[in-house]
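Student:
Residue numbers (this note's numbering), protein chains in the order written: chain B, 1 to 422; chain E, 1001 to 1504.
(1) Which residues, in order along the segment 180-214 of chain B, keep a beta-carbon less than 7 Å from a beta-carbon of chain E?
(2) Hey, would you say residue 1178 of chain E sits closer than 9 Å to residue 1308 of chain E, going by beta carbons?
(3) In chain order, which beta strand (DSSP E) runs of at least 3 residues are fully inside the segment 79-115 of chain B?
(4) Relative to the C-alpha of residue 1053 of chain E, which candidate in E:1474, E:1298, E:1374 and E:1230 has its C-alpha closest?
(5) So which residues on chain E does residue 96 of chain B lean against when the C-beta distance must stay under 9 Å?
(6) According to DSSP, is residue 1504 of chain E part of a helix, a strand, or is it coil?
(7) Can at least three beta-carbon pairs, one atom from the segment 1071-1086 of chain E and one from the segment 1340-1347 of chain E, be found at a separation below 8 Å?
(8) Is the segment 1063-1074 of chain E close to the segment 236-246 of chain B, with three or more CB pairs under 8 Å?
(9) Which complete alpha helix (DSSP H) runs does the segment 1305-1359 of chain E hold, if anything under 4 residues is left out?
(10) Would you tell me roughly how many angstroms separate the C-alpha atoms of residue 1397 of chain E and residue 263 of chain B, rounded to the nearest one?
(11) So if DSSP puts residue 1218 of chain E in a beta bridge, which residue, or which two residues, is it bridged to?
(12) Report the residue ranges of all alpha helix (DSSP H) runs contained in full by the segment 1444-1469 of chain E; include only those spanning at least 4 residues, in chain order.
(13) Distance, Cα to Cα, residue 140 of chain B vs residue 132 of chain B?
(14) When you check each C-beta in the segment 1128-1162 of chain E against every C-beta of chain B, which residues fall closer than 9 Å?
(15) Between residue 1094 of chain E and chain B, is the shortest Cβ-Cβ distance under 9 Å, so that the two count as touching?
(16) Give the straight-line distance between the Cα atoms of residue 405 of chain B and residue 392 of chain B, rounded to the nearest whole angstrom.
(17) Report the option in E:1103, E:1127 and E:1457 whose CA atom is closest to the CA atom of residue 1447 of chain E.
(18) Does the segment 1466-1486 of chain E come close enough to the segment 1292-1306 of chain E that 3 or more CB-CB pairs lie under 8 Å?
(19) Using the Cα positions of residue 1219 of chain E and residue 1189 of chain E, report the straight-line distance between them to the nearest angstrom.
(20) What did DSSP end up calling residue 47 of chain B once you bin it into helix, strand or coil?
(21) Within 10 angstroms of its Cβ, does residue 282 of chain B collect 16 or more other Cβ (buried), or is it exposed?
(22) Tell me which same chain residues have a C-beta within less than 6 Å of the C-beta of residue 1176 of chain E, skipping the five on either side of it?
(23) Where does residue 1055 of chain E land, buried or exposed, given buried means 16+ other C-beta within 10 angstroms?
(24) Which class does residue 1022 of chain E belong to by DSSP, given the choice of helix, strand or coil?
(25) Run through DSSP, which three-state label would residue 1118 of chain E get?
(26) Look up residue 1421 of chain E in the DSSP assignment and say whether it is helix, strand or coil.
(27) Contact criterion: CB-CB distance below 9 Å. Does residue 88 of chain B meet it with respect to chain E?
(28) Taking only beta-carbon positions, decide if residue 275 of chain B is within less than 9 Å of chain E.
(29) Start and end of the beta strand (DSSP E) containing residue 143 of chain B?
(30) Excluding the five sequence neighbours on either side, which residues of its own chain have a C-beta within less than 6 Å of the C-beta of residue 437 of chain B, listed in chain order?
(31) Between residue 159 of chain B and residue 170 of chain B, how many whole angstroms is the CB-CB distance? I'm expecting something under 8 Å.
(32) Buried or exposed: where does residue 1137 of chain E fall if 16 or more other Cβ atoms within 10 Å of its Cβ makes it buried?
(33) For residue 1202 of chain E and residue 1385 of chain E, I'd like the C-alpha separation in whole angstroms.
(34) With 16 other CB atoms within 10 Å as the buried threshold, where does residue 1216 of chain E fall?
(35) When the Cα of residue 1491 of chain E is compared with those of E:1158, E:1120, E:1024 and E:1207, which residue comes out closest?
(36) Decide if residue 15 of chain B is buried, meaning its Cβ has at least 16 other Cβ atoms within 10 Å, or exposed.
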């Protein structure tokens, strides 16, 4: 325990020295944050465009090589995108948009064929084995749907969250992931989905039927991802709505940054994505389950939280975006608190790094989730605890800066007698 | 904690000190000071100024209010004042709320125990998007998000001696207290819900005409023999989930103070509290939840839904077979999911998480509070007498350990009391103190977002009303006079009234 604490403070010290280069005006911090958001979404768009080209190549000439290239492009695209998740919770415009891009978990039988062990339609979700790829028309909620052509509009307007069932995910990264990898049928064993490239072949070479429609789905889902990312990237550049809203009120803007950091750390990442899976010992509770990429998904979420606090982001071409940061602002009034915050963020990255390292060495995330796997549980709980711990420091930062953490403009409880009882 | 202790001690100390419905043993209350009470009374008084919105009116849940999003997620956000730390419990609770339960035995030990008889495999399936359920669209539609309660009259020995005017009932001998339309393989399901509707035209002032659909219900395909000849059926739609923790935190004394069982004030409106037995605290408590206020706390309600709707046991309702009756032997003898490390099919941690989630679904902010038509509609709502039952404002207890619900000025538009709503709406099935014609005033907050969240505008306990106007026109009994006033009022006032409701 002592050794661990020493390690943390040493890290914190070096980071805080490195971070003290800017005088911290709130407007400048917000501008830098918006610049980082713009850069991250732009990078997400660039990498998604590479994915789109790889998908086109796969469809044009299906082979192990083109399929692997598309998978590699998807994995690369996740790196910048996961770092954008820290913009959720604080920025309403991101919350209202995010569901169609990164929704999870999904009932994949809605999209394409599944293994018999997946089971049939359930009273829960009639659409969970709809299999749009195999059906050019079908009935949904009592109405007939023409799916002769699988267009982005069909996915977005008719299928996504059909019947109000959140597991009916028809769009976004995870739908594409399923179409590239297929189901992960390995349970708690190592291994990702293993879709053959011939699922995209034409004529007699086509496996599992309807290869042309499967290709159409993949193409439409990828095109839709591109248009969604284009839209969001545009909201953060000069004149964009997300940036304008953020800059409109400096204190609310600072609060939005911290709300995003805290909500993502605690409830979303530590809670829903990590602790819940461990509670249920369910390999389905794995964020990037088809690709077996959950260790990276978690890692880059953590990194996004850290680099927003530090006010720096290394772009996919190696360029550094940096400027005045929350860290600078906190350090001006309370250097010890800034050091504490930096130490906690580093500790989280150490813990998430351990998960990533173990996974890359062969101990996959779904194995870690297995009931009774003490090493896996320790790794995941290490991440959970670090995320929880860093949130306590985020709360202290909120208090020190005197901003309201849960951003709700003008909310008044009765504890504010001025406000209620004049 | 001190209250739970008090409840136990009080019971031990004898009947004079028996804890009763005026207590709130589920809450850790910091008592109000007299000065505070005065401020609360002032702020709760109904307004008479309809020229502008009242202060705080746009925040129906006080600081727990959430942003009104324009998509179907509007009911799914945590209390606006929730801490980062508590968001974890909220999110994990949400995970359990969405989780599909599976049959036993199963390799996923943490998720087994479904049924053997059930209405749905997850909470979310009925409470779609945390909003209200709907009746089946047609004969081939699954009845999910709606079911029938069932019971038979009981004898004098079947009542609860500690609760005055308790109407004794018994579970239907074959089927229990609820009909489940799904079952695990090898077990017959209990029934299929058949609904038919008859249209009734209602002429309104100004030459307008509304049409109401009058439902008839039948339980068909009965899997366990005919129903008892005296069986009483009550159709129920899944209610919306928002703001429940705040309703739970209104002082019972405030609810009871508004009761007027003998209509002493002569306004034609009685208002009776439902009093129910708490298995959690082993004492009579004020009923707050359910369409007849049959349950006292969210935790009890959650356990009850786990048991009756999904067939999952908890420490509060420990039967692993859900509510299968003694006569349903095959169901009772089937494999169950309890007896492992969790003990019950959902352990207290899981029950606590789902309870926490249910307590903290935020109420969205009002829209258009300053719109002249909304303000006109508000005036109509008040002057018509709707607020006699749909009480606009309450102030919650000051609480230790529950900052989200503590001391908030809230606007749920309910008195949480039972009212006779006339024969048209009656289910003729008593529940605790509630008679066959009484229903609990439902909260109206969020009602204007129903279409956005749930994709429909079906209201009332069984979803028979297809619009807010139809819902009003179904009011009878104590609310007959108010309903008649709506029929007779100038059409523009009626339109404004609806516009006001849509802004809630």
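Glycine included, C-beta positions come from ideal geometry on N, C-alpha and C. Model, not experiment: these values are computed from the prediction.
Tutor: In this structure, then:
(1) none
(2) Sequence index remark: in the second chain, residue 1178 of chain E carries index 178 (1-based). Sequence index remark: in the second chain, residue 1308 of chain E carries index 308 (1-based). Yes, these two residues count as a Cβ contact at 9 Å.
(3) none
(4) Residue numbering aside, residue 1053 of chain E sits at position 53 when the second chain is read from its first letter. The option with the nearest alpha carbon to residue 1053 of chain E is E:1374.
(5) Taking the first chain and counting its residues from 1, the one referred to as residue 96 of chain B is at position 96. Ordered by position in chain E, the residues that pass the 9 Å Cβ test against residue 96 of chain B are 1069, 1070, 1071 and 1073.
(6) Numbered from its first residue, the second chain carries residue 1504 of chain E at position 504. Of the three classes helix, strand and coil, the one that applies to residue 1504 of chain E here is coil, per DSSP.
(7) no
(8) no
(9) 1329-1333 and 1348-1359
(10) By one-based count along the second chain, residue 1397 of chain E stands at place 397. By one-based count along the first chain, residue 263 of chain B stands at place 263. Between residue 1397 of chain E and residue 263 of chain B, the C-alpha separation is close to 27 Å.
(11) For the purposes of this step, residue 1218 of chain E is taken as the residue at position 218 of the second chain. In the DSSP output, where bridge partners are listed per residue, residue 1218 of chain E has E:1194.
(12) 1450-1454
(13) Residue numbering aside, residue 140 of chain B sits at position 140 when the first chain is read from its first letter. Residue numbering aside, residue 132 of chain B sits at position 132 when the first chain is read from its first letter. So the alpha carbons of these two residues sit roughly 11 Å apart.
(14) 1128, 1129, 1131, 1137, 1138, 1140, 1141, 1142 and 1144
(15) Residue numbering aside, residue 1094 of chain E sits at position 94 when the second chain is read from its first letter. Output row for residue 1094 of chain E: interface = yes.
(16) If you number the first chain from 1, residue 405 of chain B lands on position 405. If you number the first chain from 1, residue 392 of chain B lands on position 392. For residue 405 of chain B, the predicted structure reports a pLDDT of 45, less than 50, and the residue's modelled location is therefore unreliable. The matter cannot be settled from this model.
(17) Within the second chain, the letter at position 447 stands for residue 1447 of chain E. Answer by Cα proximity: E:1457.
(18) no
(19) Residue numbering aside, residue 1219 of chain E sits at position 219 when the second chain is read from its first letter. Residue numbering aside, residue 1189 of chain E sits at position 189 when the second chain is read from its first letter. Rounded to whole angstroms, residue 1219 of chain E to residue 1189 of chain E spans 12 Å at the Cα level.
(20) Taking the first chain and counting its residues from 1, the one referred to as residue 47 of chain B is at position 47. It is helical.
(21) Residue 282 of chain B sits at position 282 when you count from the first residue of the first chain. The residue is buried, with at least 16 neighbouring Cβ atoms inside 10 Å.
(22) Stepping through the second chain from its first residue, residue 1176 of chain E is reached at position 176. So the qualifying residues of the chain are 1323 and 1325.
(23) Here residue 1055 of chain E corresponds to residue number 55 of the second chain, with the count starting at 1. Exposed: under 16 other Cβ atoms inside 10 Å.
(24) Mapped onto the second chain, residue 1022 of chain E falls at position 22. Of the three classes helix, strand and coil, the one that applies to residue 1022 of chain E here is coil, per DSSP.
(25) Stepping through the second chain from its first residue, residue 1118 of chain E is reached at position 118. DSSP places residue 1118 of chain E in strand when its eight states are reduced to three.
(26) Numbered from 1 along the second chain, position 421 holds the residue referred to as residue 1421 of chain E. Coil.
(27) Residue numbering aside, residue 88 of chain B sits at position 88 when the first chain is read from its first letter. Judged by the 9 Å Cβ criterion, residue 88 of chain B is not in contact with chain E.
(28) The residue labelled residue 275 of chain B in the question sits at position 275 within the first chain. Yes - at least one Cβ of chain E is within 9 Å of the one on residue 275 of chain B.
(29) In the first chain, residue 143 of chain B corresponds to position 143, counting from 1. Looking at the DSSP string, the run of the beta strand (DSSP E) that includes residue 143 of chain B is 143-146.
(30) The first residue shown for chain B is 1 and the last is 422, placing residue 437 of chain B beyond what the model contains.
(31) Along the first chain, read from residue 1 onward, the residue named residue 159 of chain B stands at position 159. Along the first chain, read from residue 1 onward, the residue named residue 170 of chain B stands at position 170. Their Cβ separation, rounded to whole angstroms, is 4 Å, which keeps residue 159 of chain B and residue 170 of chain B in contact under 8 Å.
(32) Within the second chain, the letter at position 137 stands for residue 1137 of chain E. Burial call: exposed.
(33) Start at 1 with the first residue of the second chain, and residue 1202 of chain E comes out as number 202. Start at 1 with the first residue of the second chain, and residue 1385 of chain E comes out as number 385. Each residue's Cα considered, the two are about 21 Å apart.
(34) The residue given as residue 1216 of chain E occupies position 216 in the second chain. Looking at its Cβ environment, which holds fewer than 16 other Cβ atoms inside 10 Å, residue 1216 of chain E is exposed.
(35) Along the second chain, read from residue 1 onward, the residue named residue 1491 of chain E stands at position 491. For residue 1491 of chain E, the nearest C-alpha among the options comes from E:1207.
(36) Locating residue 15 of chain B in the first chain gives position 15, counting from the first residue. Because residue 15 of chain B sits at a pLDDT of 41, beneath the cut-off of 50, its placement in the model cannot be relied upon, and the following sentence gives the value as read from the coordinates. The residue is buried, with at least 16 neighbouring Cβ atoms inside 10 Å.
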